[in-house]
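Below: the structure, in structure tokens.
Number of protein chains: 2
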Amino acid sequence: MATSQTGAGDPKRSSELLWREFEPAQSRPGPKPRLTVEQIVAAAIALADREGLGAVNMRNVAAELDVGTMTLYRYVPGKGELLDLMVDAVSSPGEDEPDPAGMDWREVLEHIATGSLAFYGEHPWMLEVNQRRPVMGPGSLWSLDFALGAFDDHDVTDREAILIITAVWGIATGIALSYLIQDAPADQGGPVSTEEEWWEVQLPYLQRAMESGRYPRMARMEHEDAWNLTAEDAVRHALDAYLEGIAPRMEASRRRGARLRPE
Amino acid sequence: MATSQTGAGDPKRSSELLWREFEPAQSRPGPKPRLTVEQIVAAAIALADREGLGAVNMRNVAAELDVGTMTLYRYVPGKGELLDLMVDAVSSPGEDEPDPAGMDWREVLEHIATGSLAFYGEHPWMLEVNQRRPVMGPGSLWSLDFALGAFDDHDVTDREAILIITAVWGIATGIALSYLIQDAPADQGGPVSTEEEWWEVQLPYLQRAMESGRYPRMARMEHEDAWNLTAEDAVRHALDAYLEGIAPRMEASRRRGARLRPE
DNA sequence: TATTACTGGGTACAACGTACCCGATTAAGG
DNA sequence: CCTTAATCGGGTACGTTGTACCCAGTAATA
Chain A
249 MATSQTGAGD PKRSSELLWR EFEPAQSRPG PKPRLTVEQI VAAAIALADR EGLGAVNMRN
309 VAAELDVGTM TLYRYVPGKG ELLDLMVDAV SSPGEDEPDP AGMDWREVLE HIATGSLAFY
369 GEHPWMLEVN QRRPVMGPGS LWSLDFALGA FDDHDVTDRE AILIITAVWG IATGIALSYL
429 IQDAPADQGG PVSTEEEWWE VQLPYLQRAM ESGRYPRMAR MEHEDAWNLT AEDAVRHALD
489 AYLEGIAPRM EASRRRGARL RPE
Chain B
249 MATSQTGAGD PKRSSELLWR EFEPAQSRPG PKPRLTVEQI VAAAIALADR EGLGAVNMRN
309 VAAELDVGTM TLYRYVPGKG ELLDLMVDAV SSPGEDEPDP AGMDWREVLE HIATGSLAFY
369 GEHPWMLEVN QRRPVMGPGS LWSLDFALGA FDDHDVTDRE AILIITAVWG IATGIALSYL
429 IQDAPADQGG PVSTEEEWWE VQLPYLQRAM ESGRYPRMAR MEHEDAWNLT AEDAVRHALD
489 AYLEGIAPRM EASRRRGARL RPE
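Which chain is which? The protein sequence lines are A and B, in order.
All residue numbers for the first sequence refer to my numbering, where the first residue is 249 and numbers rise by one.
All residue numbers for the second sequence refer to my numbering, where the first residue is 249 and numbers rise by one.
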């Protein structure tokens, strides 16, 4: 296995591990484990944050924890499952997470979008993970529940809520993919060309392409400032327009003085 | 190199290959090449379409063409560059591509979004490629130029045009990532759990999670229809709302009776 | 015809995931 | 307290990848 896909392993083992907090450990014969799953996941995340997803291999994670490589397999069935655990762990709420109850729908959705950017800034390797199957662990469920908080005071169908959450998440992730993935530490090995070098080399080819007349609209662009956008600029624009688009519907669906009742 | 990243190789070699049509071959000593770069790229794309990105390795591509593995290295510096070429090749215009000149801004942007979905449906492996650096070849430039056609009749700044294109592209790609990547042929090897199996196994855990009271909003959802969304549904919703949001600006910027002049 | 650059592709190695194995350890039963 | 058996740490080794290196065959040029 070489690629980095979620849901690659045995779903039963993955689920057991994701929800491990639900079955407390019981006393068993044999030596005390030296590690915990949490330690392994934390080490793998630290490694990914620091050196990129390419550096996350079983040998490196084991070295990070100063244990033998094969020891990891006592705790985690394989690399695929470890990746699932990493994804769910970073999706879990932080210390200072606000409570969506009491926030306006706009605030919640904006918090999701800007929070996603900050999130991908901290964990750019998350943009490289192929979330082939949704990882449904405690952290991911929490994220979804948080997002649903946008509609606490509104009468929208479940379907509509999902559509809106999907759209906001899609905007944030789609744009983060364009702008942030390049900040992730790359697998080194080849000629470690910097961003400047990269463009410098391409420039003459692009120049000739522009002069070829095959890209008339591009050729007419002022290159200077148009491309100097940040992910924040792009998300702000897209989100503002999108929220403007759904605002009438949201305002129409607002319930009168309702609060989330934990019935 | 194990991961699938663009821009991984030598940028000079990549550019030369991307723009190979610009330097015509000249007569040289030595045997005639048995292959062309086009053939190799086409074989790799066919393989990726059919068996997934995981099946694209140098040995398989060579077997597809009935040549020795190392022969490929006569034409392509390495797998990273081959991936760049694949990405640019599938981004090139098809036979029946409409001309954005003469289309309304809405039509162009909608065509980009729905076209993207169809595109990812045909080449789901594109969702797995980490576009760490933009591949600036003939195909990608053409896509950009096409998108800029949305503004032929409008007075918008270059910056604004890029913002809008980025938003539409981000919406389509972000949503495709959620909905379509699961349709890509998976790297087989482990327990090849189907979609149903996957959910069946997770269900009891999710049930317990819902009963735990930690996800009150999720627990209150009607699961039946809310999750049965297609990528088309999600994109239509997001794009409609977004276009609604930028419509005032676009209408305000419309030029009077202007047409694209190939000056 | 001789030269020379280029072609096909076999061999081999390094990095990876992980199957398999063995000895050391420790809770539970007597 | 001692036996038993499950569990732990982790070394060895193999299969799969990308690709460096090499050599022999080939064809345009001089």
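The beta carbon of each residue, even a glycine, is placed where N, CA and C say it ideally should be.
Exposure label - residue i; buried when at least 16 CB within 10 Å
| i | result |
| --- | --- |
| Arg504 (chain B) | exposed |
| Tyr321 (chain A) | exposed |
| Asp435 (chain B) | buried |
| Met318 (chain A) | exposed |
| Arg307 (chain B) | exposed |
| Glu499 (chain B) | exposed |
| Thr284 (chain B) | exposed |
| Gln455 (chain A) | exposed |
| Pro281 (chain A) | exposed |
| Leu550 (chain A) | In the structure as shown, chain A begins at 249 and stops at 511. Residue 550 (chain A) is therefore absent and cannot be evaluated. |
| Pro510 (chain B) | Residue placement at Pro510 (chain B) cannot be trusted, given a pLDDT of 45 that sits under 50; what the coordinates show is reported in the next sentence. So Pro510 (chain B) counts as exposed. |
| Pro259 (chain A) | buried |
| Gly422 (chain A) | buried |
| Arg465 (chain B) | buried |
| Ala291 (chain A) | buried |
| Ala457 (chain B) | buried |
| Asp314 (chain A) | exposed |
| Gly493 (chain B) | buried |
| Gly278 (chain A) | exposed |
| Gly461 (chain B) | exposed |
| Ala310 (chain A) | buried |
For residue i, three-class secondary structure by DSSP
| i | result |
| --- | --- |
| Asn476 (chain B) | coil |
| Arg282 (chain B) | coil |
| Asn305 (chain A) | coil |
| Arg504 (chain B) | coil |
| Gln379 (chain A) | coil |
| Pro510 (chain A) | Only weak support is given to the placement of Pro510 (chain A): the predicted model assigns it a pLDDT of 45, under 50, and the value that follows is read from those uncertain coordinates. Residue state, collapsed to three classes: coil. |
| Gln450 (chain A) | helix |
| Gln430 (chain B) | helix |
| Gln287 (chain B) | helix |
| His485 (chain B) | helix |
| His371 (chain A) | coil |
| Gln274 (chain B) | coil |
Inter-residue CB distance, residue i and residue j (contact presumed, cutoff 8 Å)
| i | j | result |
| --- | --- | --- |
| Leu375 (chain A) | Ile429 (chain A) | 5 Å |
| Arg381 (chain B) | Trp446 (chain A) | 6 Å |
| Glu262 (chain B) | His402 (chain B) | First, the residue type needs correcting, since residue 262 (chain B) is Ser and not Glu in the sequence shown. So it is not a contact: roughly 34 Å between Cβ atoms. |
| Leu365 (chain B) | Ala296 (chain B) | Actually they do not touch by this definition, with Cβ atoms about 18 Å apart. |
| Gly289 (chain B) | Ala337 (chain B) | The residue you asked about is not Gly; residue 289 (chain B) is Val in the sequence shown. The Cβ separation is near 5 Å, so the contact holds. |
| Ala432 (chain B) | Trp373 (chain B) | 6 Å |
| Leu392 (chain A) | Leu333 (chain A) | Actually they do not touch by this definition, with Cβ atoms about 18 Å apart. |
| Pro348 (chain B) | Ala420 (chain B) | About 16 Å separates the two Cβ atoms, so there is no contact after all. |
| Ala361 (chain A) | Val449 (chain A) | Actually they are not in contact, since the Cβ atoms of Ala361 (chain A) and Val449 (chain A) sit about 34 Å apart, beyond 8 Å. |
| Val335 (chain A) | Val383 (chain A) | 5 Å |
Check: residue i C-beta below 8 Å from any heavy atom of the ligand ATP
| i | result |
| --- | --- |
| Leu425 (chain A) | You won't find the ligand ATP in this model; it holds no ligand whatsoever. |
Check: Using a beta-carbon distance cut-off of less than 9 Å, what residues from the stretch 257–275 of chain A approach chain B?
Finding: Residues Gly257, Asp258, Pro259, Lys260, Ser262, Ser263, Glu264, Leu266, Trp267 and Phe270.
Notebook entry, point to check: Of all the residues that make up the stretch 308–329 of chain A, which are near chain B by a beta-carbon distance shorter than 9 Å?
Noted result: In summary, the residues of the stretch 308–329 of chain A whose CB is separated from some CB of chain B by less than 9 Å are Gly326 and Gly328, in the order they occur in the chain.
Notebook entry, point to check: At a Cβ cut of 9 Å, what residues of the stretch 349–376 of chain B count as close to chain A, listed as they run along the chain?
Noted result: Going along the stretch 349–376 of chain B in chain order, one finds Leu375 and Glu376 with a Cβ nearer than 9 Å to chain A.
Next item on the list: Examine the Cβ distances between the stretch 322–329 of chain A and the stretch 250–270 of chain A and report whether three or more of them are shorter than 8 Å.
Entry: Judged by Cβ distances under 8 Å, the stretch 322–329 of chain A makes contact with the stretch 250–270 of chain A, as three or more pairs qualify.
Checklist line | Three or more C-beta pairs below 8 Å linking the stretch 475–494 of chain B and the stretch 385–403 of chain B | finding: Touching, no, given that fewer than three Cβ pairs across the two stretches are closer than 8 Å.
Note to self: Closer than 8 Å is the cut-off here; do at least three beta carbon pairs connect the stretch 470–478 of chain B with the stretch 400–414 of chain A?
What the structure shows: Touching, yes.
Check: Quick one: any contact between the stretch 354–364 of chain B and the stretch 413–423 of chain B, if contact means 3 or more CB pairs under 8 Å?
Finding: Yes, the stretch 354–364 of chain B touches the stretch 413–423 of chain B.
Notebook entry, point to check: When Cβ atoms are compared, which residues of the stretch 404–430 of chain B fall closer than 9 Å to chain A?
Noted result: Answer in chain order: Thr405, Asp406, Arg407, Glu408, Ala409, Ile410, Leu411, Ile412, Thr414, Ala415, Val416, Trp417, Gly418, Ile419, Ala420, Thr421, Gly422, Ile423, Ala424, Leu425, Ser426, Tyr427, Ile429 and Gln430.
Check: Is the stretch 340–354 of chain B touching the stretch 271–279 of chain B, taking contact as three or more C-beta pairs under 8 Å?
Finding: In short, these stretches do not touch, since the Cβ pair count stays below three.
Next item on the list: Give, in chain order, every residue of the stretch 448–460 of chain B whose Cβ lies closer than 7 Å to some Cβ of chain A.
Entry: Taking 7 Å as the upper bound on Cβ-Cβ separation, chain A lies near residues Val449, Gln450, Tyr453, Leu454, Arg456 and Ala457 of the stretch 448–460 of chain B.
Margin query: Beta carbons nearer than 8 Å to chain B: which residues of the stretch 485–496 of chain A have them?
Written below: Within the stretch 485–496 of chain A, the qualifying residues are His485, Ala486, Asp488, Ala489, Tyr490, Leu491, Glu492, Gly493 and Ile494.
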